Amino acid sequence: MCCSACPSCTNASSSRFMYAFILLVGTVLGAIALSPGLQDTLKKLPFCINSTSTYSSKAIDTFSGGSLQVDCEYALGYMAVYRVCFGMACFFALMALIMLGVKSSRDPRSHIQNNFWPLKFLICFGAAIGAIFIPDGSFGPAMMWVGLIGGLAFILVQLVIIVDFAHSLAESWIEGAENSRGYYYALAGVTLLGYILSLTGITLLYIYFTTSTGCGINKFFISINLIFCLAISVISVLPAVQERLPHSGLLQSSLVTLYTVYLTWSAVANNPEKACNPGMFGLMEGFGNGTTTTTIAPPPNPSHNSKVTFDTTNIIGLVVWLLCILYNCISSAVEVSKITHDNSEKRDTEAATGADGKPSTDNEVEGVTYSWSMFHIVFVCASLYVMMTLTNWYKPNSDIELFNGNEASMWVKIISSWLGVFIYGWSLAAPIILSNRDFS
Numbered sequence: 001m002c003c004s005a006c007p008s009c010t011n012a013s014s015s016r017f018m019y020a021f022i023l024l025v026g027t028v029l030g031a032i033a034l035s036p037g038l039q040d041t042l043k044k045l046p047f048c049i050n051s052t053s054t055y056s057s058k059a060i061d062t063f064s065g066g067s068l069q070v071d072c073e074y075a076l077g078y079m080a081v082y083r084v085c086f087g088m089a090c091f092f093a094l095m096a097l098i099m100l101g102v103k104s105s106r107d108p109r110s111h112i113q114n115n116f117w118p119l120k121f122l123i124c125f126g127a128a129i130g131a132i133f134i135p136d137g138s139f140g141p142a143m144m145w146v147g148l149i150g151g152l153a154f155i156l157v158q159l160v161i162i163v164d165f166a167h168s169l170a171e172s173w174i175e176g177a178e179n180s181r182g183y184y185y186a187l188a189g190v191t192l193l194g195y196i197l198s199l200t201g202i203t204l205l206y207i208y209f210t211t212s213t214g215c216g217i218n219k220f221f222i223s224i225n226l227i228f229c230l231a232i233s234v235i236s237v238l239p240a241v242q243e244r245l246p247h248s249g250l251l252q253s254s255l256v257t258l259y260t261v262y263l264t265w266s267a268v269a270n271n272p273e274k275a276c277n278p279g280m281f282g283l284m285e286g287f288g289n290g291t292t293t294t295t296i297a298p299p300p301n302p303s304h305n306s307k308v309t310f311d312t313t314n315i316i317g318l319v320v321w322l323l324c325i326l327y328n329c330i331s332s333a334v335e336v337s338k339i340t341h342d343n344s345e346k347r348d349t350e351a352a353t354g355a356d357g358k359p360s361t362d363n364e365v366e367g368v369t370y371s372w373s374m375f376h377i378v379f380v381c382a383s384l385y386v387m388m389t390l391t392n393w394y395k396p397n398s399d400i401e402l403f404n405g406n407e408a409s410m411w412v413k414i415i416s417s418w419l420g421v422f423i424y425g426w427s428l429a430a431p432i433i434l435s436n437r438d439f440s
C-alpha cells in the first residue's frame with residue numbers, strides 16, 4: 001500500500017532521481033562511518049583484521065625526525081569510506097558499460113536502466129560489503145590515485161553545471177527585468193554578493209595561509225587565481241562577447257570566481273607544509289612539544305586516537321556536490337518535458353502508448369535526450385569525488401604528521417581550478433575566434 005502511493009520509478013525522468021538517491025544513501029553511510037562511536041566496531045571488520053599495513057612504534061620527534069605510520073589505529077573511518085564509495089563506483093561503472101550505445105527506450109536494455117531497483121541497491125551495496133574483505137595495504141594508495149582522477153573530472157563537471165545554472169538564471173532574470181525591475185535588482189544583488197564573498201575569501205586566504213617570509217606556493221596559487229578571475233570578469237563584459245553572447249555577463253563570472261576561490265581554499269588546505277596550513281596541524285597536539293622525543297605504543301582504544309576529521313571545506317564541497325547532482329537531474333527532466341511538449345500530437349500519442357496499446361511509462365521512445373552511459377560515468381566520478389571529500393583528500397599510509405596533508409591532492413585541486421577558468425574563458429572567446437560557427 002505504501003509503495004503504491006509513491007511516484008512511479010520506471011520512467012527515464014524518475015530513474016535519474018533514483019540513481020541520485022543511491023548516491024545519496026552511499027554518501028550518508030560513508031559519513032556515518034566517520035562517527036567516533038563506530039571506531040571500535042570498524043576495528044573488527046576484515047579490512048583491519050587482514051591489514052598488511054604495519055604499525056610503527058618508532059620514537060618520533062613531533063614535526064621533525066621520526067615517523068609514525070597511519071593505519072587502522074588512526075584511519076578507520078576513512079578506510080570504511082573508501083570501501084563504500086568503491087562499491088558505488090563499481091556499480092555505476094557496470095551500468096555505464098551495459099548502457100553503451102543505447103539510442104532509445106525501445107532498446108531492451110532500457111528495462112535495466114529504469115527497473116529492478118531492489119536488485120540495483122543489492123548489487124551496489126553488496127559490492128561495498130565485498131570490498132570490506134579487501135585487506136588494507138596497496139588498496140588505499142591505489143584508490144587514492146583513482147579518486148584523484150575521478151575527483152578532478154567531477155570538479156570540472158561541477159563547473160559546467162554551475163555555469164549552465166548561471167546562464168539559465170541570467171536569461172530568465174533578464175527577460176523578467178523587461179516587465180519588473182525586481183529581477184534586475186536580484187541579478188545585480190546576486191552578482192555583487194558573489195564578488196563580495198570572493199574578495200572576502202581571497203583576503204582570508206592571504207591572512208591565514210601565507211606568511212610574510214614564506215609560503216610562496218600558496219601565495220602563487222592565490223595570486224594567479226585572482227588574476228585569472230579578474231581576466232574572465234573583464235572578458236565577459238567586452239562588447240564583442242556581448243554581441244555574440246547577449247546573456248553572458250558578470251553573474252556567470254561571479255559564480256565561477258566564487259567557485260575558483262573555494263577550490264583555491266580547498267587546495268591550500270591540503271598543503272603539507274606546517275607553517276602554511278594552520279588548520280591541519282592542530283591534530284598533532286599531544287604528541288609532543290617539538291623538543292622531547294616520545295615513544296608511542298599502540299593505543300588500546302582506536303576511538304580515542306582516531307585522526308578522522310571533517311572540516312568546513314568538506315562540508316561546503318558536499319553541499320555544492322549535492323546541489324549540482326539535483327540540478328542536473330531536475331534540468332534533465334525539464335528538458336525531457338520541453339521536448340515532449342514540442343512534439344506533434346501523433347508523436348506524443350505514440351510515445352505515450354506501447355506496442356500493446358497500454359500506457360507506456362517511458363518518455364524517450366523516439367530517442368534518448370542524453371547519453372545514458374555518460375550519465376553513469378558522471379556518477380562514477382561523483383562517487384570518487386565523495387570518497388575524496390569525506391576523507392579530506394588524505395594520503396593513505398602516510399606519516400601521522402602529514403595525515404591530512406596531501407601534495408597530490410593540492411595540485412589536483414589547483415589544476416582543476418585552472419582548467420575550469422580556462423573552459424569558461426574559452427566559452428566566452430570561442431564565438432569571437434570561431435566566428436563561422438553558430439554558438440546560439
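Start counting the sequence shown at 1; every next residue gets the next number (the UniProt record's numbering).
For each residue, glycine too, the CB sits at the ideal point set by N, CA and C.
Small disclaimer: the values here were computed from a predicted structure and weren't measured.
As assigned by DSSP and simplified to three states, the class of residue i
i	result
T191	helix
T203	helix
R83	helix
Y19	helix
P431	helix
E273	coil
F116	coil
S104	coil
K395	coil
C215	coil
V261	helix
S110	helix
F422	helix
S254	helix
N137	The sequence shown places Gly at residue 137, not Asn. Coil at G137, not helix or strand.
T369	coil
F209	coil
residue 519	Because the chain in this structure spans residues 1 to 440, residue 519 falls outside the shown range and cannot be described.
V132	Note on residue identity: the sequence assigns Ile, not Val, to residue 132. Correct three-state label for I132: coil.
Beta-carbon proximity check, residue i vs residue j, cutoff 8 angstroms
i	j	result
G317	S266	yes
L258	L326	no
P46	F133	yes
L34	G87	no
A80	L42	yes
C381	F17	no
P278	E407	no
G189	P396	no
I155	H247	no
K219	T213	no
A177	L187	yes
V84	G30	yes
Minimum C-alpha distance to residue i - residue among the options
i	options	result
N270	A153, K413 and A430	K413
residue 444	N114, I22, A89 and A170	Because the chain here runs from 1 to 440, residue 444 falls outside it and cannot be looked at.
T260	G77, T27, S416 and K395	S416
L245	G182, S168 and T264	S168
V234	T264, I222, F220 and L251	L251
Y82	I123, K103 and T27	T27
G420	G30, A153 and S104	A153
F434	F91, R106 and V241	According to the sequence as given, residue 434 is Leu; it is not Phe. Comparing Cα positions, the closest option is V241.
F21	F379, Y208 and Y184	F379
L205	Y262, L119, S105 and A429	Y262
Three or more C-beta pairs closer than 8 angstroms, one from the region 413 to 432 and one from the region 218 to 235: is that the case here? The region 413 to 432, when compared against the region 218 to 235, does touch it at the 8 angstroms Cβ threshold.
Specify whether the region 131 to 148 and the region 386 to 395 touch according to this definition: at least 3 beta carbon pairs, one from each stretch, less than 8 angstroms apart. By the criterion of at least three beta-carbon pairs nearer than 8 angstroms, the region 131 to 148 is in contact with the region 386 to 395.
Inter-stretch contact (C-beta, 8 angstroms, three-pair minimum) for the region 93 to 109 and the region 159 to 172: no
If we count Cβ pairs, one from each stretch, closer than 8 angstroms, do we get three or more for the region 120 to 134 versus the region 163 to 183? no
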